[in-house]
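Numbering (UniProt numbering), first residue to last: 1 to 236.
First the structure, in the form of C-alpha coordinates, and then the observations on it.
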(Lines of atoms letter the chains of each structure in order from A; the text may use other names.)
(Lines give C-alpha, C1' and ligand atoms only; values in the text may rest on other atoms or scores of the structure.)
Protein backbone atom coordinates (compact mmCIF):
# COMPACT_ATOMS: atom_id res chain seq x y z
CA UNK A 1 0.00 0.00 0.00
CA UNK A 2 1.63 3.21 -1.07
CA UNK A 3 1.84 6.32 1.08
CA UNK A 4 -0.92 7.96 -0.91
CA UNK A 5 -3.48 5.86 0.95
CA UNK A 6 -2.92 8.03 4.01
CA UNK A 7 -1.33 7.07 7.28
CA UNK A 8 -4.62 6.18 8.98
CA UNK A 9 -5.82 3.73 6.32
CA UNK A 10 -2.35 2.24 5.94
CA UNK A 11 -1.95 1.81 9.69
CA UNK A 12 -5.34 0.16 9.91
CA UNK A 13 -4.38 -2.29 7.15
CA UNK A 14 -1.19 -3.15 8.99
CA UNK A 15 -2.61 -3.66 12.47
CA UNK A 16 -5.64 -5.54 11.11
CA UNK A 17 -3.51 -7.92 9.08
CA UNK A 18 -5.19 -6.93 5.84
CA UNK A 19 -2.96 -8.04 3.01
CA UNK A 20 -2.31 -5.10 0.72
CA UNK A 21 1.02 -4.83 -1.04
CA UNK A 22 3.39 -2.80 1.13
CA UNK A 23 0.76 -2.17 3.81
CA UNK A 24 3.28 -2.46 6.60
CA UNK A 25 6.15 -0.60 5.01
CA UNK A 26 8.18 1.61 7.38
CA UNK A 27 6.53 4.76 6.04
CA UNK A 28 2.96 3.59 6.47
CA UNK A 29 2.78 1.16 9.37
CA UNK A 30 1.56 2.24 12.77
CA UNK A 31 4.68 2.89 14.87
CA UNK A 32 5.60 0.81 17.87
CA UNK A 33 7.80 1.54 20.89
CA UNK A 34 9.79 -1.56 19.96
CA UNK A 35 11.07 0.30 16.92
CA UNK A 36 13.71 2.00 19.07
CA UNK A 37 16.53 -0.23 17.93
CA UNK A 38 15.72 0.48 14.30
CA UNK A 39 15.26 4.23 14.63
CA UNK A 40 17.82 6.97 14.49
CA UNK A 41 17.60 9.97 16.79
CA UNK A 42 19.70 12.08 14.45
CA UNK A 43 18.09 15.09 12.83
CA UNK A 44 16.73 14.53 9.36
CA UNK A 45 14.67 16.70 7.05
CA UNK A 46 10.97 16.25 7.66
CA UNK A 47 9.19 14.27 4.96
CA UNK A 48 6.62 16.83 3.87
CA UNK A 49 5.41 14.87 0.85
CA UNK A 50 1.68 15.18 0.30
CA UNK A 51 -0.92 12.48 -0.18
CA UNK A 52 -2.33 14.45 -3.11
CA UNK A 53 -2.50 17.99 -4.45
CA UNK A 54 -5.89 18.63 -2.90
CA UNK A 55 -8.63 17.13 -0.74
CA UNK A 56 -10.69 16.22 -3.80
CA UNK A 57 -7.71 14.63 -5.53
CA UNK A 58 -7.08 12.49 -2.46
CA UNK A 59 -10.76 11.55 -2.26
CA UNK A 60 -10.56 10.45 -5.90
CA UNK A 61 -7.50 8.28 -5.16
CA UNK A 62 -9.29 6.61 -2.27
CA UNK A 63 -12.44 6.16 -4.34
CA UNK A 64 -10.45 4.43 -7.09
CA UNK A 65 -9.00 2.03 -4.54
CA UNK A 66 -12.39 1.46 -2.94
CA UNK A 67 -13.81 0.48 -6.34
CA UNK A 68 -11.11 -2.17 -6.68
CA UNK A 69 -11.84 -3.69 -3.26
CA UNK A 70 -15.58 -4.40 -3.46
CA UNK A 71 -16.67 -2.04 -0.69
CA UNK A 72 -20.21 -1.16 0.33
CA UNK A 73 -22.04 1.19 -2.04
CA UNK A 74 -22.64 3.71 0.74
CA UNK A 75 -18.90 4.38 0.95
CA UNK A 76 -18.75 4.80 -2.83
CA UNK A 77 -21.64 7.26 -2.79
CA UNK A 78 -20.17 9.33 0.04
CA UNK A 79 -16.76 9.49 -1.64
CA UNK A 80 -18.33 10.51 -4.95
CA UNK A 81 -20.21 13.27 -3.16
CA UNK A 82 -17.03 14.39 -1.36
CA UNK A 83 -15.28 14.81 -4.70
CA UNK A 84 -18.11 17.08 -5.85
CA UNK A 85 -18.54 19.08 -2.63
CA UNK A 86 -15.07 18.94 -1.08
CA UNK A 87 -16.56 17.77 2.20
CA UNK A 88 -17.83 14.76 4.15
CA UNK A 89 -20.55 15.60 6.66
CA UNK A 90 -20.58 14.31 10.25
CA UNK A 91 -23.85 12.55 9.45
CA UNK A 92 -22.28 10.68 6.55
CA UNK A 93 -19.37 9.69 8.77
CA UNK A 94 -21.77 8.44 11.45
CA UNK A 95 -23.60 6.38 8.83
CA UNK A 96 -20.57 4.36 7.73
CA UNK A 97 -19.63 3.54 11.31
CA UNK A 98 -23.21 2.53 12.10
CA UNK A 99 -23.06 0.20 9.09
CA UNK A 100 -19.75 -1.18 10.38
CA UNK A 101 -21.28 -2.03 13.75
CA UNK A 102 -24.27 -3.73 12.15
CA UNK A 103 -21.95 -5.80 9.95
CA UNK A 104 -20.03 -7.07 12.98
CA UNK A 105 -23.26 -7.96 14.78
CA UNK A 106 -24.64 -9.69 11.69
CA UNK A 107 -21.57 -11.94 11.71
CA UNK A 108 -22.58 -13.23 15.16
CA UNK A 109 -20.53 -10.97 17.42
CA UNK A 110 -21.36 -8.52 20.19
CA UNK A 111 -21.71 -4.92 19.04
CA UNK A 112 -18.31 -3.18 18.74
CA UNK A 113 -17.49 -0.29 21.04
CA UNK A 114 -16.28 2.86 19.27
CA UNK A 115 -14.15 5.53 20.93
CA UNK A 116 -15.12 9.01 19.78
CA UNK A 117 -12.41 11.68 19.77
CA UNK A 118 -12.70 15.44 20.05
CA UNK A 119 -12.26 15.92 16.31
CA UNK A 120 -15.26 13.68 15.63
CA UNK A 121 -13.17 10.69 14.56
CA UNK A 122 -14.03 7.16 15.65
CA UNK A 123 -11.75 4.23 16.37
CA UNK A 124 -12.74 0.80 17.69
CA UNK A 125 -11.75 0.17 21.29
CA UNK A 126 -9.28 -2.45 22.38
CA UNK A 127 -10.94 -5.78 23.09
CA UNK A 128 -10.73 -8.49 25.72
CA UNK A 129 -11.87 -12.08 25.29
CA UNK A 130 -11.70 -14.94 27.77
CA UNK A 131 -12.23 -17.29 24.83
CA UNK A 132 -9.31 -16.81 22.39
CA UNK A 133 -11.35 -18.18 19.48
CA UNK A 134 -14.12 -15.64 20.07
CA UNK A 135 -11.56 -12.87 20.33
CA UNK A 136 -9.90 -13.87 17.08
CA UNK A 137 -13.25 -14.13 15.30
CA UNK A 138 -14.30 -10.70 16.56
CA UNK A 139 -11.04 -9.10 15.40
CA UNK A 140 -11.16 -10.74 11.98
CA UNK A 141 -14.81 -9.85 11.43
CA UNK A 142 -14.21 -6.30 12.65
CA UNK A 143 -11.34 -5.82 10.21
CA UNK A 144 -13.41 -7.17 7.33
CA UNK A 145 -16.41 -4.99 8.22
CA UNK A 146 -14.28 -1.92 8.77
CA UNK A 147 -12.78 -2.05 5.30
CA UNK A 148 -16.06 -2.91 3.60
CA UNK A 149 -18.25 -0.36 5.37
CA UNK A 150 -16.14 2.44 6.88
CA UNK A 151 -12.39 2.60 6.29
CA UNK A 152 -12.27 4.46 2.98
CA UNK A 153 -14.64 7.22 4.07
CA UNK A 154 -12.77 7.30 7.38
CA UNK A 155 -9.47 7.86 5.58
CA UNK A 156 -10.80 10.89 3.72
CA UNK A 157 -12.62 12.24 6.78
CA UNK A 158 -9.40 12.04 8.78
CA UNK A 159 -7.55 14.44 6.47
CA UNK A 160 -10.56 16.74 6.46
CA UNK A 161 -10.63 16.85 10.25
CA UNK A 162 -6.98 16.88 11.33
CA UNK A 163 -4.59 16.58 8.39
CA UNK A 164 -5.75 19.44 6.14
CA UNK A 165 -2.26 19.84 4.67
CA UNK A 166 -2.44 16.23 3.46
CA UNK A 167 0.92 15.19 4.88
CA UNK A 168 1.88 11.65 3.94
CA UNK A 169 4.07 10.90 6.94
CA UNK A 170 2.21 10.25 10.17
CA UNK A 171 4.59 12.11 12.48
CA UNK A 172 4.58 15.21 10.27
CA UNK A 173 0.79 15.23 10.18
CA UNK A 174 0.57 14.76 13.94
CA UNK A 175 2.99 17.58 14.73
CA UNK A 176 1.25 19.87 12.26
CA UNK A 177 -2.01 19.11 14.07
CA UNK A 178 -0.42 19.72 17.48
CA UNK A 179 0.82 23.10 16.26
CA UNK A 180 -2.54 24.10 14.81
CA UNK A 181 -4.21 23.33 18.13
CA UNK A 182 -1.46 25.07 20.15
CA UNK A 183 -0.60 21.86 21.99
CA UNK A 184 3.19 22.09 21.60
CA UNK A 185 5.73 24.88 21.34
CA UNK A 186 6.34 26.45 17.95
CA UNK A 187 9.84 24.95 17.76
CA UNK A 188 8.63 21.37 18.35
CA UNK A 189 9.38 19.27 15.25
CA UNK A 190 8.52 15.92 13.73
CA UNK A 191 12.03 14.80 14.65
CA UNK A 192 11.29 15.65 18.28
CA UNK A 193 8.09 13.64 18.09
CA UNK A 194 9.80 10.61 16.53
CA UNK A 195 12.59 10.72 19.10
CA UNK A 196 10.13 10.78 22.01
CA UNK A 197 7.83 8.20 20.45
CA UNK A 198 10.70 5.75 20.02
CA UNK A 199 11.51 5.74 23.72
CA UNK A 200 10.34 2.55 25.39
CA UNK A 201 8.18 4.42 27.90
CA UNK A 202 6.57 6.69 25.30
CA UNK A 203 7.20 9.78 27.42
CA UNK A 204 6.46 12.97 25.51
CA UNK A 205 7.18 16.55 26.48
CA UNK A 206 3.45 17.19 26.11
CA UNK A 207 0.48 15.44 27.72
CA UNK A 208 -0.19 12.51 25.44
CA UNK A 209 -3.54 11.90 27.18
CA UNK A 210 -4.87 15.36 26.41
CA UNK A 211 -8.04 14.60 24.39
CA UNK A 212 -6.96 16.91 21.56
CA UNK A 213 -3.52 15.28 21.42
CA UNK A 214 -5.16 11.88 21.18
CA UNK A 215 -7.39 13.15 18.39
CA UNK A 216 -4.38 14.39 16.41
CA UNK A 217 -2.68 11.03 16.75
CA UNK A 218 -5.69 8.93 15.79
CA UNK A 219 -6.50 11.12 12.78
CA UNK A 220 -2.96 10.61 11.53
CA UNK A 221 -2.78 6.85 11.98
CA UNK A 222 -1.15 6.40 15.38
CA UNK A 223 -3.21 4.05 17.53
CA UNK A 224 -2.63 2.59 20.98
CA UNK A 225 -0.55 5.37 22.51
CA UNK A 226 -3.01 5.73 25.36
CA UNK A 227 -4.68 2.33 25.38
CA UNK A 228 -4.62 2.28 29.18
CA UNK A 229 -7.21 5.06 29.19
CA UNK A 230 -9.52 3.49 26.63
CA UNK A 231 -12.22 1.02 27.57
CA UNK A 232 -11.37 -2.61 26.86
CA UNK A 233 -14.47 -4.14 25.30
CA UNK A 234 -15.33 -7.66 26.50
CA UNK A 235 -16.23 -9.67 23.41
CA UNK A 236 -16.53 -13.16 24.90
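The beta-carbon is built from N, C-alpha and C at its ideal position, and this holds for glycine as well.
Only a predicted model underlies this, so the values are computations on that prediction, with no experimental measurement involved.
Contact check for residue 213 against residue 109 fails: the beta carbons are separated by 9 Å or more. DSSP places residue 112 in the coil class of the three-state scheme, outside both helix and strand. Of the candidates 151, 101 and 120, the residue whose Cα lies closest to the Cα of residue 138 is 101. Shortest Cα-Cα distance from residue 84 to any of 162, 58 and 96 involves 58. Looking at the backbone, the Cα of residue 51 and that of residue 95 are separated by about 25 Å. Just measuring C-alpha positions, the residue of 142, 69, 113 and 178 sitting nearest residue 107 is 142. With at least 16 other beta carbons inside 10 angstroms of its own, residue 161 counts as buried.
Residues of the same chain with a CB within less than 6 Å of the CB of residue 92, apart from the 5 flanking positions on each side, are 78 in chain order. Out of 175, 203, 156 and 208, the CA that lies nearest to the CA of residue 66 is found in 156.
For residue 188, there is no enclosing alpha helix (DSSP H), as DSSP marks it with neither H nor E.
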